[in-house]
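Visitor:
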Amino acid sequence: MAARLLPFGDDRARPHQPSPIEITVDGVVAAGVAGQSIAGVLLASGRLDWRRTSSAGAPRGLFCGIGVCFDCIVTVNGDRDVRACMRRAADGDEVLSQHDTLPEVTA
Amino acid sequence: MTSVLVIGAGPAGLAAATAARARGAAVILLDAADALGGQYWRHLPAERPAADERILHHGWSRFTALRDGLEADAGCEIITGAQVWAIEAGADAAPTVHALIGPSDGGRRRGRSFTPDAVVFATGAHDRTLPFPGWELPGVFTAGAAQAFAKGERVAVGQRVVVAGAGPFLLPVAASLAQTGAKVLGVYEASRTSALLRGWLPKPWQLLASAKKGGELAGYVGSHVRNRIPYRLGRAVIAAHGNERVEAVTIAALDADWAPIAGTERRIAADAVCVSHGFTPRLELPIAAGCRITGDGFVEVDTAQRSNVPGVYAAGEITGIGGADAALAEGGVAGHCAAGGDARDPELRGTVRARDNAGGFAARIEAAHGIRPGWPAWLGDDTIVCRCEEVPYGRLRDIADHTCSSGLRSLKLSTRAGLGICQGRVCGRTVEQLLGTAGGAEAVSSDRRPIAAPVRIGELAATLSPQEPTEHVQGKDTNV
Chain A
1 MAARLLPFGD DRARPHQPSP IEITVDGVVA AGVAGQSIAG VLLASGRLDW
51 RRTSSAGAPR GLFCGIGVCF DCIVTVNGDR DVRACMRRAA DGDEVLSQHD
101 TLPEVTA
Chain B
1 MTSVLVIGAG PAGLAAATAA RARGAAVILL DAADALGGQY WRHLPAERPA
51 ADERILHHGW SRFTALRDGL EADAGCEIIT GAQVWAIEAG ADAAPTVHAL
101 IGPSDGGRRR GRSFTPDAVV FATGAHDRTL PFPGWELPGV FTAGAAQAFA
151 KGERVAVGQR VVVAGAGPFL LPVAASLAQT GAKVLGVYEA SRTSALLRGW
201 LPKPWQLLAS AKKGGELAGY VGSHVRNRIP YRLGRAVIAA HGNERVEAVT
251 IAALDADWAP IAGTERRIAA DAVCVSHGFT PRLELPIAAG CRITGDGFVE
301 VDTAQRSNVP GVYAAGEITG IGGADAALAE GGVAGHCAAG GDARDPELRG
351 TVRARDNAGG FAARIEAAHG IRPGWPAWLG DDTIVCRCEE VPYGRLRDIA
401 DHTCSSGLRS LKLSTRAGLG ICQGRVCGRT VEQLLGTAGG AEAVSSDRRP
451 IAAPVRIGEL AATLSPQEPT EHVQGKDTNV
């Protein structure tokens, strides 16, 4: 059970047939459709979390969906801290999940 | 020619830009997203057009008329993908607005600064979500996230979904989820019948004057009946359970102050939960410009939607949570007046009347669905309050007690709550409330963010180069 993309044939809004795109997430291919956000591609591909928090190492993914909470940040084509909900996925995007650990404290 | 900069392209901003153009001003319209419409008219992207997209929206033809009018108008420069990151208050003049333009959070955005004659802030609001045990688990979303992904991507955030919180927004969220193929297990509204009657029953003629709202409500009721979605009052999700992701939630009955009633807990299996307890206005830009904020946390405006700062206007949810009709009317007034018009001008009469009639809506929502003081009873000591810094409730209280912190600034430094990457956007109001610093004498609120959005050092350095244009430029800019 997970998030899912409504199949366009079932959509009462009658969308045009979407163009498929592919991105890689930590090297694994994820399929989406043109115009989706990176978070949308991730969710609809069955991933609910794609980040670990710094202090507890807890899983995080999408929360606010509109660019406010920064829970969904990823690295996109080398740019760190990109809000996956705010960035449209482009065919061929290379997405890396971020697990930023806290710096070691030395005496 | 008067130049007007409008920040935010939702209902208020679109109406403001249109009204300012009607009065002959040169207009620049900025939005951080890459499409117009804001959250209310969040829609499928250009890459995925739909023949009947109007069925997903209220007032869709109003939106397309505003959008098409502005897009066809050479006197309005529309800049999407524009993240305003700083506002420089002017002395007796409108502020300078600094933006980075390009794909969201990209490393190679272009800096642009604007020095218009007038600024209209139409930055809207985002969900206020109260914490509960497990709300940091993947699979817990704000109701706004569910709505954004249903409308903007046709993605249902889960398959068995619980919608909970407070306010009329829960209804369209549930309807959109059902329309996108999710099974909505129930809508749980924290307010009880008595509060709803207190908010919605008085002066019913005012509601009748806003006939569109009635039609909208009837639509949601129809959707709920069709999709067999239970709507329960006086209940809340008080915990989410799961290992690494949401697997179930606990729902409990609440008393009139929203404290859970012992013995009423019920566990429901679900793969997603969408929560909203109202909205928080996005105030950082108005605060940076020096706008006075009311005691209940909104931009103070006069009948012309003018703030206390010369040349600075505000419209929409940042002046009170009143819905799209109020935002449209306020935007119309703000744009007209920012362009040099007067709120008493005859051509503005209908807009002013619509604005004044819509005024009661915000007060009704607050009376019916406003957050009640008993909710912290559902927090445990280990419930995360600040999601970014992972500060649990017990530690927050202990540190505050032990450091004798007083006022929000010292509390943030001692507890770290609100210091993470979201800069208190999610937990700020909650921390203020839990630690009793709301409206404190220090006059510091978590909405004071001098840097309004994260900026890369390289981008900051590039914006200091002298060749960046600061003049008012005409023409289209859609390089995102």
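Sequence order for the protein chains is A and B. Here the first sequence is numbered in the UniProt record's numbering, starting from 1 and rising by one per residue. Here the second sequence is numbered in the UniProt record's numbering, starting from 1 and rising by one per residue. For each residue, glycine too, the CB sits at the ideal point set by N, CA and C. Every value quoted in this text rests on a predicted model; they were computed, and no experiment measured them.
Suppose the cutoff is 6 Å on Cβ atoms and the five residues either side in sequence are ignored; what does the same chain contact list for P373(B) look like?
Guide: Taken in chain order, the residues that qualify are D257.
Visitor: Can you list, in chain order, the stretches of the alpha helix (DSSP H) that have 4 or more residues and sit fully within the segment 316–353 of chain B?
Guide: Runs of the alpha helix (DSSP H) inside the segment 316–353 of chain B: 324–338.
Visitor: Can you name the residues of chain A whose CB is closer than 8 Å to the CB of I421(B)?
Guide: Neighbours of I421(B) on chain A, chain order: F70, I73, D81.
Visitor: Does any residue of chain A bring its CB to less than 9 Å from the CB of V162(B)?
Guide: Not an interface residue.
Visitor: Between A368(B) and E247(B), what straight-line distance do the alpha-carbon atoms span, to the nearest angstrom?
Guide: Near 31 Å, if we compare the C-alpha coordinates of E247(B) and A368(B).
Visitor: Output the distance between the C-alpha atoms of G107(B) and E390(B), rounded to the nearest integer angstrom.
Guide: If I take the Cα positions, the gap works out to 28 Å.
Visitor: Please list the partners that S55(A) has in chain B, where partner means a Cβ-to-Cβ separation under 8 Å.
Guide: Simply E389, E390.
Visitor: What are the complete alpha helix (DSSP H) segments, minimum 4 residues, inside the segment 92–171 of chain B?
Guide: You should have 143–153.
Visitor: Using 9 Å as the limit for Cβ to Cβ distance, is P20(A) near chain B?
Guide: No - not a single Cβ of chain B is within 9 Å of the one on P20(A).
Visitor: According to the neighbour-count rule (16 or more other Cβ atoms, all chains shown, within 10 Å of its Cβ), is A314(B) buried or exposed?
Guide: The residue in question, A314(B), is buried, as its Cβ has 16 or more Cβ neighbours within 10 Å.
Visitor: If I measure Cβ to Cβ from L348(B) and keep anything under 7 Å in the same chain, skipping five residues before and after, which residues do I get?
Guide: Excluding positions up to five away in sequence, the list reads V333, H336, G341.
Visitor: Residues of the segment 38–68 of chain B with a CB closer than 9 Å to any CB of chain A: list them in chain order, please.
Guide: Residues Q39, R42, L44, P45, A46, E47, R48, P49, A50, A51, D52, E53, R54, I55, L56.
Visitor: Should the segment 47–60 of chain B be called in touch with the segment 95–107 of chain B, which here means at least 3 C-beta pairs below 8 Å?
Guide: Counting Cβ pairs under 8 Å, fewer than three are found: no touch.
Visitor: Do you know how far the Cα of G8(B) is from the Cα of L14(B)?
Guide: Their Cα atoms are separated by approximately 8 Å.
Visitor: Below 9 Å between beta carbons: does that hold for A17(B) and A327(B)?
Guide: No.
Visitor: Mind reading off the beta-carbon distance from G75(B) to A26(B)? Whole number of angstroms is fine, and I expect it under 8 Å.
Guide: Rounded, the Cβ-Cβ distance is 6 Å, consistent with contact.
Visitor: Compare the C-beta of H472(B) with all C-beta atoms of chain A and state if any pair is closer than 9 Å.
Guide: The predicted position of H472(B) is uncertain, since its pLDDT is 43 and thus under 50; a value taken from the coordinates is nonetheless stated next. No, H472(B) lies away from the interface with chain A (no Cβ there is under 9 Å from its Cβ).
Visitor: Mark C422(B) as exposed unless 16 or more other C-beta atoms lie within 10 angstroms of its C-beta, in which case mark it buried.
Guide: So C422(B) ends up on the buried side.
Visitor: Tell me which residue opens and which closes the beta strand (DSSP E) that L185(B) is part of.
Guide: Per DSSP, L185(B) belongs to the beta strand (DSSP E) from 183–189.
Visitor: Express the C-alpha separation of T383(B) and P260(B) in angstroms, rounding to a whole number.
Guide: Distance between the alpha carbons of P260(B) and T383(B): 16 Å.
Visitor: Looking only at C-alpha atoms, which of R306(B), G316(B), A166(B), D381(B) sits nearest to A339(B)?
Guide: Nearest of R306(B), G316(B), A166(B), D381(B) to A339(B), Cα basis: R306(B).
Visitor: With a cut-off of 8 Å on the beta carbons, I'd call G10(B) and G38(B) a contact; round off their distance for me.
Guide: Yes, G10(B) and G38(B) are in contact; Cβ-Cβ is about 2 Å, under 8 Å.
Visitor: Taking 6 Å as the limit between beta carbons, can you name the residues of its chain near A174(B), skipping five residues before and five after?
Guide: Once the five neighbours on either side are set aside, the close Cβ partners of A174(B) are V163, V184, V187, I229.
Visitor: Which residue marks the beginning of the beta strand (DSSP E) containing V273(B), and which one marks its end?
Guide: Element bounds for V273(B): 272–276.
Visitor: Mind checking the segment 214–226 of chain B against chain A and listing, in chain order, the residues whose C-beta falls within less than 9 Å of any C-beta there?
Guide: Within the segment 214–226 of chain B, no residue has a Cβ that lies closer than 9 Å to any Cβ of chain A.
Visitor: I'd like the list of long-range same chain contacts for P286(B), defined as Cβ closer than 8 Å, with 5 residues on each side in sequence excluded.
Guide: F121, T123, I293, V299, S307, V312, A314, I318, listed in sequence order.
Visitor: Cutting at 7 Å between CB atoms, please list the residues of its own chain near R109(B), excluding the five before and the five after it.
Guide: Here the set comprises L100, I101, G102, E459.
Visitor: Taking DSSP as the reference, what is the three-state secondary structure of T64(B)?
Guide: It is helical.
Visitor: Which residue from G263(B), A143(B), R54(B), I321(B) puts its Cα closest to that of R282(B)?
Guide: Ranking the options by Cα distance to R282(B), first place goes to I321(B).
Visitor: Please report how far the alpha carbon of A31(A) lies from the alpha carbon of G181(B), in whole angstroms.
Guide: Answer to the nearest angstrom: the Cα atoms are 20 Å apart.
Visitor: Beta-carbon of A97(A) versus every beta-carbon of chain B: anything under 9 Å?
Guide: Before going further, note that residue 97(A) is Ser rather than Ala in the sequence given. False, the Cβ-Cβ gap to chain B never drops below 9 Å.
Visitor: In whole angstroms, what is the alpha-carbon distance linking P450(B) and R395(B)?
Guide: If you take the alpha carbons of P450(B) and R395(B), they lie about 28 Å apart.
Visitor: Can you list, in chain order, the residues of the segment 24–53 of chain A whose Cβ is nearer than 7 Å to any Cβ on chain B?
Guide: So the list reads V33, A34, G35, Q36, S37, G40, L43, A44, L48, D49, T53, given in the order they occur along the chain.
Visitor: Of all the residues that make up the segment 146–158 of chain B, which are near chain A by a beta-carbon distance shorter than 9 Å?
Guide: Answer in chain order: A146, Q147, A148, F149, A150, G152, E153, R154, V155, A156, V157, G158.
Visitor: Are C64(A) and H126(B) close, meaning C-beta to C-beta below 9 Å?
Guide: In this structure, H126(B) lies closer than 9 Å to C64(A) by Cβ.
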